[in-house]
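Numbering (the working numbering), first residue to last: 458 to 671.
Glycine included, C-beta positions come from ideal geometry on N, C-alpha and C.
Comments concern the structure below.
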Amino acid sequence: MVAMAIRLLCYAVVTLLLVATVQSRPEGAPPEACGTTTDIVPNHASITPSNDPIPYTVDLTDFTNGQYIPGDPYTITISGSTNNPDFKGFMIQGRILADDSPTGEFTGTAGISQPQCDGDTAATHVNSNEKTSVNLNWIAPAAGTGDIRFRFCIDDQFILFWANRFTGVIEEAIPITDPPTDPTDPPTDPTDPTDPPTDPTDPPTDPTDPPTDP
């Protein structure tokens, strides 16, 4: 009886793993995983995302002082930790802080694809190989977009994943410009208008002359 119960339990576990493998996306997240403006959650059958602290990092140190310059390129790195060095899948998308709408553009990177979520605003994996880190090329949005952050999902083994997580906020850098010149200001004259004009007919001063007695 015990042996039968063990066989049934093993069968159930194997079945669950097979279903998870079929429903997972080793070739990368599909466009529908972009969701709306509220989630980035992959289709992993009945497996729910982990609520534990995520053991992976999304490195944004390329953003100097936590800011982006509109139109400039940046590198975003996803990597594991000492206890969880490898991961298999991921999806990440730039979002405007004010309304959570997609923004920015991920450009071509080896081993990375863009699932066409509102253009190239997202990036995902293209295979189920174990990864210790991935570097992503991202182009900042146009001026006036405002502050942004990244929403992301990372898969451990396609049966354990962390979804709908956020990075810290990246501020839009405001360019510093000189104040405009007032066209009504008089031009600057380098000479002192109170100085008497020099008479061009005056003889040159002899440096050997004794000083004048006042």
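Residue from Phe607, Asp613, Ile611 whose Cα sits closest to the Cα of Thr624: Phe607
Using the C-alpha atoms, what's the distance from Gly528 back to Ala600? Rounded to the nearest whole angstrom, the CA to CA distance from Ala600 to Gly528 is 8 Å.
Buried/exposed call for Val515, threshold 16 Cβ in 10 Å: buried
Of all the options His582, Asn586, Pro640, which has the alpha carbon lying nearest to the alpha carbon of Leu593? His582
Have a look at Asn586 and Cys610 and give me their C-alpha separation to the nearest angstrom. 17 Å
Helix, strand or coil, according to DSSP, for Asn522 in the structure here? The answer is helix: DSSP assigns Asn522 an H, G or I state.
With distances taken from CA atoms, which of Thr518, Ala597, Thr638 is nearest Ile535? Thr518
Identify the continuous beta strand (DSSP E) that holds Gln550 and give its terminal residues. 546-553
Of the listed residues Leu617, Trp619, Pro598, nearest to Ser558 (C-alpha basis): Nearest C-alpha to Ser558: Pro598.
Thr578 to Arg552 span [Cα, whole Å]: 9 Å
Grab the span of the beta strand (DSSP E) containing Pro530 for me, first residue to last. Where Pro530 is concerned, the enclosing beta strand (DSSP E) starts and stops at 530-536.
Pair within 8 Å by beta-carbon distance, Pro512 and Ser538: In contact: Pro512 and Ser538 (Cβ atoms closer than 8 Å).
Counted within 10 angstroms of its Cβ, other Cβ atoms place Thr638 as buried (16 or more) or exposed: Exposed: under 16 other Cβ atoms inside 10 Å.
CB of Ile605 within 8 Å of CB of Ile627, strictly: yes
Along the chain, where does the beta strand (DSSP E) that runs through Leu593 open and close? In the DSSP assignment, Leu593 falls within the unbroken beta strand (DSSP E) covering 590-596.
Below 8 Å on the Cβ atoms is my guess for Pro632 versus Thr589; work out the distance and round it to an integer in Å. With a Cβ gap of about 38 Å, Pro632 and Thr589 do not count as contacting.
Count the other C-beta atoms from every protein chain shown that fall within 10 angstroms of the C-beta of Gln550, then say buried if there are 16 or more, exposed otherwise. Here Gln550 is buried, its C-beta having at least 16 other C-beta atoms within 10 Å.
With 16 other Cβ atoms within 10 Å as the buried cut-off, status of Thr523: One point to set straight first is that residue 523 is Gly, not Thr, in the sequence displayed. Counting Cβ neighbours within 10 Å, Gly523 comes out exposed, since fewer than 16 surround it.
Taking all protein chains shown into account, do 16 or more other C-beta atoms lie within 10 angstroms of the C-beta of Gly565, making it buried, or fewer, making it exposed? Around the beta carbon of Gly565, fewer than 16 other beta carbons sit within 10 angstroms, so the residue counts as exposed.
Classification of Asp699 by the beta-carbon crowding that lies within 10 angstroms, buried from 16 upward: The shown model of the chain, from 458 to 671, leaves out residue 699, and the question about it has no answer.
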